Amino acid sequence: MKIAVIGAGPAGLYFSLLAKKHNPEHDIHVYEQNPRGATYGWGVVFSDVGLAALREADPEFFDDFVAHHERCDYMEIIHRGTRVQIQGNHFSRTARIDMLRVLEKACLEAGIVISYEHRVEDVERLALESDMVVAADGSNSATRTQYASHFKLSFEHRRNKFAWYGTRQRFHPVSLIFRESEHGLFIAHSYQYSKDLSTFLVEVDPETWKRASLDTATEAESCGFCTKIFSPDLGSNALLTNRSLWFEAKIVRNEHWSYRNIVLLGDALRTVHFSLGSGTRMAMQDAIALQRGLARHPADVRKVFAAFESERRPASSSFQTAAARSLDWYENVASKMDMDPLAFAYDYMRRTGQVTHDDLARRDPAFTAAYELAYPHEYTKQPAAY
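With the UniProt record's numbering, letter number 133 in the sequence shown gets 133, and the count goes up by one each step, no holes.
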């Protein structure tokens, strides 16, 4: 089959690799509008559940994929300067650019053609020249926009502001830091992803953002301001920028996932909020499911797409529901800051409504035992529907 893939991100490259390895006769060409080696952002994080899916899909590639990952089996919540550790949360982290290099290398070795600095201007023509077009061109997908009336795209804009930074301060566990200031509450989502660097995502509500004059600040001024806010956590290290501009979360959904011989994949299909740390995982699991559909129906694109959607739509809906609840929690967290650190951490862990007390007890018996002792009449309650 002649397959055109638009976008050399994790979804597009991983699908290409799996499809080519399963059937070397496939003619696969990946088109990427950015230069080779260009990437924005810092690190990416995978849970043990996400890694298990990658291991099962391609054990040989999996060993190369995780060879240089940073790993940790607990997370830490910092509430008013008090650190609460929660064990049994396994995370594997790597630099986004390193992840893409590993994927690119494997694709090239498998015989896949990758054209960088090649923006696909005419998707219609590409579709006519190909048996299948995989649109893995990100949350601002031009392919999806061109056929918006067919995919029936919808956006949900959320209120909080975010800026992606990096830092040389190494946050070994995935760390959630809540810092109160004269302007309001600031939140950091941070984790070490290499020997020397950590991701540091700053979140703030729009009222606090304006009171701190961040609505008129330059990128450098915002970086300096946030460095001061989180100075107790950064030590002698500053925050680092890489197109670290303020943005709002935009939740993408599509009623239809395919059109003729064109299918959406990864962030082009749906976005999952980064507070769940599952965007890259979802994209790569999409790639696995699409390849499975192709393996089952090698001569019928419509059946490939139907099998893909049947496998992935339930998980996609579940994750987006969980993400919405997580977003609600963060957008209203200022009202929870008077809770004690243990109760605050417990409330955080159950924010999506998908983690029960028993789930937490299996992950970290000591943490849940401490909560049961402090709140003997509370822990049996069902997860709140935030």
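Ideal Cβ positions, reconstructed from N, Cα and C, are used throughout, including at glycine.
Computed from a prediction, not measured in an experiment: that's the story for all the values here.
Measure how close the beta-carbons of Val45 and Arg80 come, nearest whole angstrom, since I'm counting them as under 8 Å. Translated into positions along the sequence shown, residue 45 becomes position 45. Translated into positions along the sequence shown, residue 80 becomes position 80. Val45 to Arg80, Cβ: 25 Å. No contact.
Hey, out of His189, Phe162, Ser190, whose CA is closest to Leu214's CA? Taking the sequence shown and counting its residues from 1, one reaches residue 214 at position 214. For Leu214, the nearest C-alpha among the options comes from Phe162.
Identified DSSP bridge partners for Trp164: Translated into the one-based positions of the sequence shown, residue 164 becomes position 164. Looking at the DSSP assignment, Trp164 forms a beta bridge with Leu201.
At the level of alpha carbons, what is the spacing between Phe15 and Pro206? Locating residue 15 in the sequence shown gives position 15, where the first residue counts as 1. Locating residue 206 in the sequence shown gives position 206, where the first residue counts as 1. Phe15 and Pro206: Cα-Cα distance of roughly 38 Å.
Tell me which same chain residues have a C-beta within less than 6 Å of the C-beta of Cys107, skipping the five on either side of it? Taking the sequence shown and counting its residues from 1, one reaches residue 107 at position 107. Only residues of its own chain outside the window of five on either side were considered, and among them Leu13, Ser16, Leu17 have a CB closer than 6 Å to the CB of Cys107, listed in chain order.
Look at Arg325 and Gly279 and say whether their C-beta atoms are less than 8 Å apart. Counting from one through the sequence shown, the residue named residue 325 turns up at place 325. Counting from one through the sequence shown, the residue named residue 279 turns up at place 279. Contact: no.
Along the chain, which unbroken stretches of the beta strand (DSSP E) at least 3 residues long are found entirely within the segment 67 to 152? Runs found: 70 to 79, 82 to 95, 113 to 115, 132 to 135.
What are the residues that DSSP puts in a beta bridge with Glu248? Residue mapping note: residue 248 aligns to position 248 of the sequence shown, counting from 1. Note: Glu248 sits in a beta bridge opposite Lys161.
Close-in-space but distant-in-sequence residues of the same chain around Gln33 (CB under 6 Å, 5 per side omitted): As a position in the sequence shown, residue 33 is number 33, starting the count at 1. In chain order, Arg119 place their CB closer than 6 Å to the CB of Gln33, counting only its own chain and leaving out the 5 sequence neighbours on each side.
For Ile187, I'd like the list of residues in its chain whose CB is within less than 6 Å of its CB, leaving aside the five on either flank, ordered along the chain. By one-based count along the sequence shown, residue 187 stands at place 187. The beta carbon of Ile187 lies closer than 6 Å to those of Phe178, Glu203 in the same chain, with the five residues before and after it left out.
Per DSSP, Ile3 forms a beta bridge with which residues? As a working mapping, residue 3 is identified with position 3 in the sequence shown. Answer is Ile28, Met132, bridged to Ile3.
Status (buried if at least 16 other CB within 10 Å, exposed otherwise) for Ile6: If you number the sequence shown from 1, residue 6 lands on position 6. Flag for Ile6 reads buried.
By alpha-carbon positions, which one of Glu121, Leu100, Gln320, Ala369 ends up nearest to Gly43? Sequence index remark: in the sequence shown, residue 43 carries index 43 (1-based). Ranking Glu121, Leu100, Gln320, Ala369 by Cα distance to Gly43 puts Leu100 first.
Between Gly41, Lys21, Ser236, which lies nearest to Tyr193 when the distance is taken from Cα to Cα? The sequence position of residue 193 within the sequence shown is 193, counting from 1. Minimum Cα distance to Tyr193 is reached at Gly41.
Is Gln291 helix, strand or coil by DSSP? Working through the sequence shown from its first residue, we reach residue 291 at position 291. It is helical.
When the Cα atoms are used, what is the spatial distance from Arg96 to Pro376? Counted from its first residue, the sequence shown places residue 96 at position 96. Counted from its first residue, the sequence shown places residue 376 at position 376. Across the structure, Arg96 and Pro376 are spaced so that their CA atoms are roughly 43 Å apart.
When you compare the segment 301 to 315 with the segment 247 to 266, are there three or more beta-carbon pairs, one atom per stretch, that lie closer than 8 Å? In short, these stretches touch, since the Cβ pair count reaches three.
Between Phe200 and Leu245, how many whole angstroms is the CB-CB distance? I'm expecting something under 8 Å. The residue given as residue 200 occupies position 200 in the sequence shown. The residue given as residue 245 occupies position 245 in the sequence shown. That pair is no contact at about 15 Å.
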